[in-house]
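Asks: Counting from 1, position 369 in the sequence shown corresponds to residue 418 in the working numbering; the numbering is continuous, with no gaps.
Where is the CB? At the ideal position from N, CA and C, for every residue including glycine.
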Amino acid sequence: MGYEEVYNRALRDPEGFWAEAAEAIHWDSPWEKVLDDSNAPFYRWFAGGRLNTCYNALDRHVDEGRADQPAIIYDSPVTDTKQSITYREMRDRVALFAGALVKLGVAKGDRVIIYMPMVPEALVAMLACARIGAVHSVVFGGFSAHELATRIDDAQPKVVVAGSCGIEPTRVVQYKPLLDKAIEQAKHKPGHCIILQRPQGPGDMVSGRDIEWNEALEGAEAQDCVSVAATDPLYILYTSGTTGKPKGVVRDNGGHAVALKWSMEHIYGVKPGEVYWAASDVGWVVGHSYIVYGPLLHGCTTIIYEGKPVGTPDAGAFWRVISEHKVAAMFTAPTAFRAIKKEDPRAEHLKRYDLSGFRTLFLAGERCDPDTLNWAGEILDRPVIDHWWQTETGWAIAGNFVGIEQLPIKPGSAGKPVPGYNVCIVNDDGKEIGAGEMGRIMVKLPMPPGCLPTLWNNDQRFRESYLDAVPGYYLSGDSGYLDEDGYLFVMGRIDDTINVAGHRLSSGAMEEVLAAHPSVAECAVIAVADELKGSVPVGLVVMKSGVSQEKDALARELIAQVREEIGPVAVFKKVAVVDRLPKTRSGKILRAVMRKIADNESYQTPATIDDPAILDEIRAALQSIGLAGGGK
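Put into structure tokens, the structure is as follows:
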């Protein structure tokens, strides 16, 4: 069947379509209802069914003949380490670590926060939680103590599993002091912390609370898989909200396993036994879906890469990994390829490696500019496929379909809607609009399996964030259009969340940090286009009356404060001190206009602006920090 036939079948008969897809998953007991819509808009897939995600990702493959196939290849140029772990070895490690968690009192439904670098133990911890029915919440190691504390308070973990440090090309990032500070700040106090002590940066242990990884395994008993309901949560993954308070996206067990298994074959075109590489981090949804669960559910070999696209040691790092480990398909962010292009525009490093077994490059995490897509396609001479999805969905909303029918590639487009998603463009009045018209990208309910059923302990915020804008639709938060051929073009966020190298960061959270400074009266954070990162945040602040602080000194303090509170991942490096901010007569700050001024784009002065003259002042201030056509 071609794409149109598959897509229309999923649209016409979603229950039949996904029931057939679910046959690829091992169930302990079958579902009573494929789609339970009795509590709409809180839809549930495979209600009544029972399974275990870890069994489907590991034990099943051992039982069915893949015991000696590598499940994981760990490649760490920053520590000069390579390791291959078979499905049998991985199952045994996970079962034993699950016993360590059980020994500390972790049971089905309990939460475990994982704060780890890109090492095999991170996957062991995630899968061990899944094995015993505990709910894991992975927090990216680059996040600050404050951000970690907010997640501890929301998830209320019984145990935290952490690495002592992360390793960057030029420095060691100490995780343990951040963890200690986060627990100190948090109202909720986890009972225990299991610490993987890395020789590059061991951390000080807190007596009575902290247990070293190997000590935790002593006396632990290997655990069998616990059967859970398809609708039980597998994990919580926090994503930035516009209010600055993170949203705990919930992923269920049943729909998640079905959707990811289906996607590996039909979207990415890989077969069981092949090597699949998502060059991401387990702290992000890409890492959850396509470093851990998707490849392992499908019986592939997955790669854990602890390195960078450049600098570990050079711009040929990705080509080495693809060649050495015989990668069939790779998934990364456009930012990575911008960095490679900047360092090696003629792709000289590529000539040193044999990529004959490499078939397809997939890009996602941010809008891929046509220049980057075309450059990658030219140097690789292979399909380079952009696709679009979100933390909330857990897998692609739009893409191309190597395992069904590879469609013509349109640079700038994320492809066509994935089977199961009824993507619509809706105007501000809540009405669907036609081809070529820009509007809000929405998905008609119900969403397919694998998408978030709700937010952690917050059904009301789930409604307000995603469902209330237009009843019967999911609000993606992005704007764009569908062209006359049905291709989706995603043009940017409709809110003020900033996408930095694929990492969605809240402008509201950064504004809270700026506003907390004693010299700041009010502020705004906008997203400014960046050649490498896609976009970066820039702050505009108004000083309080009577404050005589030097502007440059204030800017330095604010940049340091955001780095401390949000983390270096924010790439917050520019602050313009202004006399006032442009606003509507109702008091709304005109962030979109300031963003266009910063990017030196044309704009229309809003009819509702309080004082149009202020826009010239904003341009001058932005030029003073190298923006708005003012040079670098």
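#1: For A156, tell me which candidate among P617, V626 and D273 has the shortest Cα-Cα distance.
#2: Round the Cβ separation of P631 and I608 to the nearest angstrom and send it over; I've been treating them as touching at under 8 angstroms.
#3: Applying the 10 Å Cβ sphere with the 16-neighbour rule, what's the burial state of P661?
#4: Do P682 and V55 have their C-beta atoms closer together than 7 angstroms?
#5: So, at 6 angstroms on beta carbons, what are the nonlocal neighbours of E560 in its own chain, with the 5 sequence-adjacent residues on each side left out?
#6: Is R408 near A378, with beta carbons less than 7 angstroms apart?
#7: On a CA-only basis, which of R416, V472 and G521 is nearest S462? Give me that one, please.
#8: Could you tell me the boundaries of the beta strand (DSSP E) in which S525 lies?
#9: If you measure from the CB of Y92, is any heavy atom of the ligand ATP nearer than 6 angstroms?
#10: How long is the line joining the alpha carbons of V324 and G452, rounded to whole angstroms?
#11: Could you give the distance in angstroms between the alpha-carbon of N57 and the alpha-carbon of S556?
#12: With which residues is A445 paired in a DSSP beta bridge?
#13: Tell me whether N263 is buried or exposed, calling it buried when 16 or more other Cβ atoms sit within 10 Å of its Cβ.
#14: Measure the CB-CB distance between A306 and L346 and report whether it falls below 7 angstroms.
#15: Answer yes or no: do G97 and A269 have a C-beta to C-beta separation smaller than 7 angstroms?
#16: What residue does the alpha helix (DSSP H) around G551 start on, and which one ends it?
#17: Can you tell me whether S87 is buried or exposed? The criterion is at least 16 other CB atoms within 10 Å of its CB, across all chains shown.
#18: So, with DSSP's three-state summary, where would you put F146?
#19: Considering only C-alpha positions, which residue in the set L283, Q598, I232 and T442 is nearest to H195?
#20: Tell me, please, which residues DSSP counts as bridged to L410.
#21: Kindly identify the DSSP beta-bridge partner or partners of I694.
#22: Any idea what DSSP makes of I134, helix, strand or coil?
#23: State the Cα-Cα distance for the pair E513 and R160, rounded to the nearest angstrom.
#24: What residues are listed by DSSP as bridge partners for I352?
#25: Near I74, which residues of its chain fall below 7 angstroms by C-beta distance, leaving aside the five closest residues on each side in sequence?
#26: Shortest alpha-carbon distance to K238 belongs to which of K375, D534, D203 and T128?
#27: Please report the distance separating the alpha-carbon of F192 from that of R142.
#28: With the cut-off set at 7 angstroms, would you say V562 and V611 are in Cβ contact?
#29: Anyone know if the C-beta pair for L84 and R387 falls short of 7 angstroms?
#30: On the criterion of 16 or more Cβ atoms from any shown chain inside 10 Å, does P218 qualify as buried, or is it exposed?
#31: Give me, in chain order, the residues of the same chain whose beta-carbon lies closer than 7 angstroms to that of K82; leave out the 5 immediate sequence neighbours on both sides.
#32: Distance check for M313 and A116, CA to CA, integer angstroms please.
#33: DSSP three-state label for D85, please.
#34: Could you tell me the boundaries of the beta strand (DSSP E) in which L259 lies?
#35: Taking the alpha helix (DSSP H) that V111 falls in, what are its first and last residues?
#36: Which class does G158 belong to by DSSP, given the choice of helix, strand or coil?
Replies: According to the structure data:
#1: Position 107 of the sequence shown, counting from 1, holds the residue named residue 156. Measuring from the Cα of A156, the nearest candidate turns out to be D273.
#2: Reading the sequence shown from its first residue, position 582 is the one you call residue 631. Reading the sequence shown from its first residue, position 559 is the one you call residue 608. Not really, about 23 angstroms apart at Cβ, beyond 8 angstroms.
#3: Start at 1 with the first residue of the sequence shown, and residue 661 comes out as number 612. Classification of P661: exposed, given that the 10 Å Cβ count is below 16.
#4: As displayed, the chain neither begins before 50 nor continues past 681, which places residue 682 out of reach and without an answer.
#5: Position 511 of the sequence shown, counted from the start, is the residue given in the question as residue 560. Excluding residues within five positions, the ones whose Cβ falls inside 6 angstroms are C572 and V574.
#6: Looking up residue 408 in the sequence shown gives position 359. Looking up residue 378 in the sequence shown gives position 329. The answer is yes: Cβ separation under 7 angstroms.
#7: Here residue 462 refers to the residue found at position 413 when the sequence shown is read from its first residue. The shortest Cα separation from S462 among R416, V472 and G521 belongs to R416.
#8: Indexing the sequence shown from 1 puts residue 525 at position 476. Y522 to L531 is the extent of the beta strand (DSSP E) around S525.
#9: Because no ligand of any kind appears in the structure shown, any question about the ligand ATP cannot be addressed here.
#10: Along the sequence shown, read from residue 1 onward, the residue named residue 324 stands at position 275. Along the sequence shown, read from residue 1 onward, the residue named residue 452 stands at position 403. Separation of V324 and G452 (C-alpha to C-alpha, rounded to the nearest whole angstrom) is 16 angstroms.
#11: To locate residue 57, count along the sequence shown from 1; it is residue 8. To locate residue 556, count along the sequence shown from 1; it is residue 507. Inter-residue distance for N57 and S556 is about 39 angstroms (C-alpha atoms, whole angstroms).
#12: Start at 1 with the first residue of the sequence shown, and residue 445 comes out as number 396. Paired residue(s): W438.
#13: Counted from its first residue, the sequence shown places residue 263 at position 214. Its Cβ having fewer than 16 others within 10 Å, N263 is exposed.
#14: Within the sequence shown, residue 306 is the residue found at index 257, counting from 1. Within the sequence shown, residue 346 is the residue found at index 297, counting from 1. Yes, Cβ-Cβ distance for A306 and L346 is below 7 angstroms.
#15: Within the sequence shown, the letter at position 48 stands for residue 97. Within the sequence shown, the letter at position 220 stands for residue 269. No.
#16: Within the sequence shown, numbered from 1, the residue matching residue 551 stands at position 502. Note, G551: premise wrong, no alpha helix (DSSP H); not H, not E.
#17: Your numbering for residue 87 matches position 38 in the sequence shown. S87 should be labelled exposed.
#18: As a position in the sequence shown, residue 146 is number 97, starting the count at 1. It is helical.
#19: Numbered from its first residue, the sequence shown carries residue 195 at position 146. Selected option, being the one with the closest Cα: I232.
#20: Against the sequence shown, residue 410 aligns to sequence position 361. Paired residue(s): M379 and V433.
#21: Past the boundaries of the shown model lies residue 694; the chain is included only from 50 to 681, so the question cannot be answered.
#22: For this step, residue 134 is matched to residue 85 along the sequence shown. Of the three classes helix, strand and coil, the one that applies to I134 here is strand, per DSSP.
#23: Position 464 of the sequence shown, counting from 1, holds the residue named residue 513. Position 111 of the sequence shown, counting from 1, holds the residue named residue 160. E513 and R160: Cα-Cα distance of roughly 25 angstroms.
#24: For the purposes of this step, residue 352 is taken as the residue at position 303 of the sequence shown. DSSP lists I122 as partners of I352.
#25: Sequence index remark: in the sequence shown, residue 74 carries index 25 (1-based). So the qualifying residues of the chain are L100, N105, A306, V307 and K310.
#26: Here residue 238 refers to the residue found at position 189 when the sequence shown is read from its first residue. Checked all of K375, D534, D203 and T128; the closest Cα to K238 is D203.
#27: Here residue 192 refers to the residue found at position 143 of the sequence shown. Here residue 142 refers to the residue found at position 93 of the sequence shown. If I take the Cα positions, the gap works out to 27 angstroms.
#28: Position 513 of the sequence shown, counted from the first residue, corresponds to residue 562. Position 562 of the sequence shown, counted from the first residue, corresponds to residue 611. A contact, by the Cβ cut-off of 7 angstroms.
#29: Against the sequence shown, residue 84 aligns to sequence position 35. Against the sequence shown, residue 387 aligns to sequence position 338. For L84 and R387, no; Cβs fall outside 7 angstroms.
#30: The count along the sequence shown starts at 1 and reaches residue 218 at position 169. It counts as exposed.
#31: If you number the sequence shown from 1, residue 82 lands on position 33. Closer than 7 angstroms at Cβ, skipping near neighbours: A96 and G97.
#32: Sequence index remark: in the sequence shown, residue 116 carries index 67 (1-based). Sequence index remark: in the sequence shown, residue 313 carries index 264 (1-based). Taking the straight line from one Cα to the other gives about 20 angstroms.
#33: Translated into positions along the sequence shown, residue 85 becomes position 36. In this structure, D85 counts as strand in the three-state DSSP scheme.
#34: Working through the sequence shown from its first residue, we reach residue 259 at position 210. In the sequence under discussion, the amino acid at residue 259 is Asp, which differs from the Leu named in the question. Element bounds for D259: D259 to E261.
#35: By one-based count along the sequence shown, residue 111 stands at place 62. Run containing V111: R109 to D112, per the alpha helix (DSSP H) assignment.
#36: For the purposes of this step, residue 158 is taken as the residue at position 109 of the sequence shown. Three-state result, G158: coil.
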